[in-house]
Amino acid sequence: MSDLPPTPGQTVGPFFHDALPWTGDAALVPPGRADAVRLHGVVRDGAGDPVPDALVELWQAGQDGRVVQRPGSLHRDGHTFTGFGRCATDRAGSYSFTTVLPGAHAEGAAPFVSLTVFARGLLHRLLTRAYLPVGLGGTAEALAADPLLAGLDPGRRATLVCEVDDDGGGAGGQALRRDLVLQGPGETVWLTYPRLPHGG
Amino acid sequence: MTETTQAEISAEIEAEAQAYAARPAGAPAETTTRRGWGAYRSSVLRVPSNDPHPVDPEGVELWAPCFGQRDVDPLEADLTIQGRGEPLGERIVVTGRVLDGDGRPVRGQLVEVWQANASGRYVHQRDQHPAPLDPHFTGTGRCLTDDDGTYRFTTVKPGPYPWRNHRNAWRPAHVHFSLFGTDFTQRLVTQMYFPGDPLMGLDPIATAVVDPAARARMVATYDHDLTEPEWATGYRWDVVLTGSHRTPREDDLAAALGEEA
Ligand SMILES: [Fe+2]
Chain A
1 MSDLPPTPGQ
11 TVGPFFHDAL
21 PWTGDAALVP
31 PGRADAVRLH
41 GVVRDGAGDP
51 VPDALVELWQ
61 AGQDGRVVQR
71 PGSLHRDGHT
81 FTGFGRCATD
91 RAGSYSFTTV
101 LPGAHAEGAA
111 PFVSLTVFAR
121 GLLHRLLTRA
131 YLPVGLGGTA
141 EALAADPLLA
151 GLDPGRRATL
161 VCEVDDDGGG
171 AGGQALRRDL
181 VLQGPGETVW
191 LTYPRLPHGG
Chain B
201 MTETTQAEIS
211 AEIEAEAQAY
221 AARPAGAPAE
231 TTTRRGWGAY
241 RSSVLRVPSN
251 DPHPVDPEGV
261 ELWAPCFGQR
271 DVDPLEADLT
281 IQGRGEPLGE
291 RIVVTGRVLD
301 GDGRPVRGQL
311 VEVWQANASG
321 RYVHQRDQHP
331 APLDPHFTGT
341 GRCLTDDDGT
351 YRFTTVKPGP
361 YPWRNHRNAW
371 RPAHVHFSLF
381 GTDFTQRLVT
391 QMYFPGDPLM
401 GLDPIATAVV
411 DPAARARMVA
421 TYDHDLTEPE
431 WATGYRWDVV
441 LTGSHRTPRE
451 DDLAAALGEE
461 A
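Protein sequences, first through last, are from chains A and B. For the first sequence, counting from 1, position 149 maps to 149 in our numbering; every step adds exactly one. Position in the second sequence (from 1) plus 200 gives the number in our numbering.
This is the structure in structure tokens:
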């Protein structure tokens with residue numbers, strides 16, 4: 001049991017771009033790789049407007065479902081998969097990662113990637129999951145059996161599962177699409193981890 | 201439209217502080233930042249309407265990304281050597297430990313910082329504050345914590361700077377920090393403030409931490425034992441992440457790589 005009270009979070013503010021992004025941050029694998037897949041979307045605020053100054057972080061397991069503990073995210077060598085990436089949104093509020101489809105962390109589990117969103121105006125980071133959809137890494141059985149998804153009403157559940165679109169580049173390449181709605185209609189289900197003594 | 205004044209913002213901050221102080225006996229102290237905080241105007245359309253949904257962490261959420269020597273050059277911890285000359289301002293050392301909620305050091309983990317220069321100006325292209333840029337200061341740094349969870353940066357003391365939250369709004373001097381723990385759920389971005397800053401109580405961002413003791417945990421301590429003769433003054437600031445869901449063990453790495461049954 002924990003007894004040290006945590007250091008409070010504060011907003012990332014508007015001036016992180018010279019510090020947090022790095023060259024190649026959003027390309028967990030080279031875009032040309034045969035099994036590369038694009039995960040992209042738009043970050044929107046409560047008025048439905050794109051958020052052009054957000055930072056999205058992605059953390060995921062490898063294709064075999066195992067957690068990766070390899071350094072090298074900040075200086076990618078083109079071969080080592082580290083499972084971690086960052087993407088600052090552009091002027092249209094868009095982010096885009098190039099990665100591989102994560103495997104399930106346990107037999108029959110629904111594979112997902114973990115996403116964190118930081119932005120000016122957000123006092124503390126937001127955490128969510130992006131589940132792989134049927135047809136691109138996910139199965140209807142595993143999604144139906146997922147404890148988190150099962151506890152949500154269908155409208156909100158949909159905010160956690162990626163859609164498939166054809167913006168993957170190349171010849172009819174499919175991509176994962178996951179918009180991140182900070183507030184209001186279609187608001188993404190943001191997560192907390194209450195087993196933590198001071199919340200997630 | 202009339203601009204909001206500092207007096208109006210201060211009244212909003214004070215009303216929340218009084219309501220908090222008058223909370224029922226036995227109500228727990230707040231330990232962290234309010235999610236919604238109207239005095240911070242850009243939060244109004246960005247903070248979620250729903251409370252975050254509780255979930256048990258699974259799979260990758262129980263682990264944090266791994267960083268190493270390949271990721272960070274030790275020279276990146278010195279923000280005063282990135283140009284051809286010395287940056288202007290008060291040279292300072294900022295050091296402390298990154299701990300989890302059980303007091304365990306977070307070892308070998310990435311710490312990233314960014315800050316304004318001594319005049320209160322960021323290199324960032326969106327910073328329009330008419331204070332001088334410093335050609336010898338980018339205001340960004342990185343390091344890895346050591347086996348004791350200790351990080352250490354050499355930099356200059358940032359200046360306060362104006363922003364457009366309301367009329368005559370000024371941020372207290374601060375250094376932005378980005379930290380990882382051993383679980384991704386511990387991910388923290390925060391700001392370190394300096395002791396005795398008169399702007400702190402006026403600031404809609406710092407005061408979004410309503411509990412005075414919690415707010416004080418964002419303030420560094422001046423430590424004369426860290427001050428180096430003829431060189432730099434020293435500040436100490438420890439960071440405590442939320443508790444880990446997982447007890448780190450020697451075989452963590454093997455388990456992560458799937459070399460365990
Ligand atoms: Fe700042």
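Note that the Cβ used here is the ideal one computed from N, Cα and C, for glycine as well. Remember, it's a predicted structure, so these values are computed and weren't measured experimentally.
Same chain, Cβ closer than 7 Å to residue i, five either side skipped, listed in chain order
{"i": "ASP383(B)", "result": "PRO257, GLU261, LEU262, TRP263, ALA264, SER444, HIS445 and ARG446"}
{"i": "GLU312(B)", "result": "ARG342 and SER378"}
{"i": "GLY387(B)", "result": "In the sequence under discussion, the amino acid at residue 387(B) is Arg, which differs from the Gly named in the question. Cβ within range, chain order: PHE380."}
{"i": "PRO360(B)", "result": "GLY320, TRP370, ARG371, PRO372, ALA373 and LEU399"}
{"i": "GLU286(B)", "result": "THR280 and HIS336"}
{"i": "PRO332(B)", "result": "SER319 and ARG321"}
{"i": "ALA227(B)", "result": "none"}
{"i": "GLY186(A)", "result": "THR159"}
Contact under 7 Å by Cβ, residue i with residue j
{"i": "ARG270(B)", "j": "HIS79(A)", "result": "no"}
{"i": "VAL294(B)", "j": "TYR422(B)", "result": "no"}
{"i": "PRO5(A)", "j": "THR231(B)", "result": "yes"}
{"i": "ALA104(A)", "j": "PRO21(A)", "result": "no"}
{"i": "PHE118(A)", "j": "LEU58(A)", "result": "no"}
{"i": "VAL43(A)", "j": "LEU176(A)", "result": "no"}
{"i": "ALA19(A)", "j": "THR355(B)", "result": "no"}
{"i": "PRO194(A)", "j": "PRO254(B)", "result": "yes"}
{"i": "LEU288(B)", "j": "ALA318(B)", "result": "yes"}
{"i": "LEU245(B)", "j": "ASP45(A)", "result": "yes"}
{"i": "VAL100(A)", "j": "GLY83(A)", "result": "no"}
{"i": "GLY108(A)", "j": "PRO50(A)", "result": "no"}
{"i": "ARG326(B)", "j": "GLU203(B)", "result": "no"}
{"i": "THR471(B)", "j": "GLY301(B)", "result": "For chain B, the structure presents residues 201 to 461; residue 471(B) sits outside this window and is missing."}
{"i": "LEU136(A)", "j": "GLN174(A)", "result": "yes"}
Same chain only: Cβ atoms within 6 Å of residue i, ignoring 5 sequence neighbours per side
{"i": "ILE213(B)", "result": "ALA239 and THR407"}
{"i": "MET418(B)", "result": "TYR393"}
{"i": "PRO429(B)", "result": "none"}
{"i": "VAL440(B)", "result": "LEU299"}
{"i": "ALA461(B)", "result": "Per-residue confidence for ALA461(B) stands at a pLDDT of 28, beneath the threshold of 50, marking its modelled position as unreliable; the derived number appears in the next sentence. Around ALA461(B): no qualifying Cβ."}
Three-state secondary structure assigned by DSSP to residue i
{"i": "GLY401(B)", "result": "helix"}
{"i": "GLY458(B)", "result": "Any reading at GLY458(B) is ruled out, since the residue's pLDDT is 39, under 50, leaving its predicted position unreliable."}
{"i": "THR139(A)", "result": "coil"}
{"i": "GLN386(B)", "result": "helix"}
{"i": "ILE209(B)", "result": "helix"}
{"i": "PRO448(B)", "result": "Per-residue confidence for PRO448(B) stands at a pLDDT of 49, beneath the threshold of 50, marking its modelled position as unreliable; the derived number appears in the next sentence. Looking at PRO448(B) - three-state DSSP - the assignment turns out to be coil, as it is neither helix nor strand."}
{"i": "GLY155(A)", "result": "helix"}
{"i": "ALA92(A)", "result": "coil"}
{"i": "ALA150(A)", "result": "helix"}
{"i": "SER378(B)", "result": "strand"}
{"i": "VAL260(B)", "result": "helix"}
{"i": "ARG44(A)", "result": "strand"}
{"i": "PHE193(A)", "result": "A quick correction: the sequence has Tyr, not Phe, at residue 193(A). Note: TYR193(A) maps to coil in three-state DSSP."}
{"i": "TYR220(B)", "result": "helix"}
{"i": "HIS198(A)", "result": "Here the model assigns HIS198(A) a pLDDT of 48, short of 50, so the residue's position is not dependable, and the following value carries that caveat. Here HIS198(A) sits in coil by DSSP."}
{"i": "THR442(B)", "result": "coil"}
{"i": "ALA331(B)", "result": "coil"}
{"i": "LEU275(B)", "result": "helix"}
{"i": "LEU426(B)", "result": "coil"}
{"i": "THR407(B)", "result": "helix"}
{"i": "SER249(B)", "result": "coil"}
{"i": "PRO362(B)", "result": "strand"}
{"i": "PRO412(B)", "result": "helix"}
{"i": "ARG86(A)", "result": "strand"}
{"i": "LEU258(A)", "result": "There is simply no residue 258(A) to check, as chain A begins at 1 and stops at 200 in what is shown."}
Closer than 7 Å at the beta carbon, the chain A residues around residue i
{"i": "GLU261(B)", "result": "SER114"}
{"i": "LEU441(B)", "result": "PRO6"}
8 Å CB neighbourhood of residue i in its chain, flanking five on each side removed
{"i": "TYR131(A)", "result": "ALA110, PRO111, PHE112, GLY138, LEU143, ASP146, LEU149, LEU160, VAL161 and CYS162"}
{"i": "ASP411(B)", "result": "TYR220, ALA229, GLU230 and THR231"}
Contacts that residue i makes with chain B (C-beta to C-beta distance below 8 Å)
{"i": "ASP18(A)", "result": "TRP314, TYR322, VAL323, HIS324, THR338, GLY339 and THR340"}
{"i": "ASP25(A)", "result": "Under the 8 Å cutoff, chain B gives no residues; its nearest Cβ is about 12 Å from ASP25(A)."}
{"i": "GLY83(A)", "result": "VAL260 and PRO265"}
Where residue i meets chain A, residues with beta-carbon distance less than 9 Å
{"i": "ALA414(B)", "result": "PRO5, PRO6, THR7 and PRO8"}
Contacts that residue i makes with chain B (C-beta to C-beta distance below 7 Å)
{"i": "GLN60(A)", "result": "VAL260"}
{"i": "ARG70(A)", "result": "CYS266"}
Contact list for residue i against chain A, beta-carbon separation under 8 Å
{"i": "VAL272(B)", "result": "LEU74"}
Neighbour list for residue i in chain B, Cβ cutoff strictly below 9 Å
{"i": "VAL42(A)", "result": "Here the premise fails: no neighbours, minimum Cβ distance about 14 Å."}
{"i": "ARG177(A)", "result": "Simply none; closest approach about 21 Å."}
For the structure I just gave you, are there three or more beta carbon pairs, one from the region 119 to 128 of chain A and one from the region 148 to 158 of chain A, closer than 8 Å?
no
Any contact of the region 201 to 212 of chain B with the region 139 to 152 of chain A, i.e. 3+ C-beta pairs under 8 Å?
no
Using 8 Å as the cut-off, can you tell me whether the region 291 to 307 of chain B makes contact with the region 23 to 39 of chain A, which would need three or more C-beta pairs spanning the two stretches below that distance?
no
Check whether the region 61 to 73 of chain A and the region 8 to 17 of chain A are in contact - that is, three or more C-beta pairs closer than 8 Å.
no
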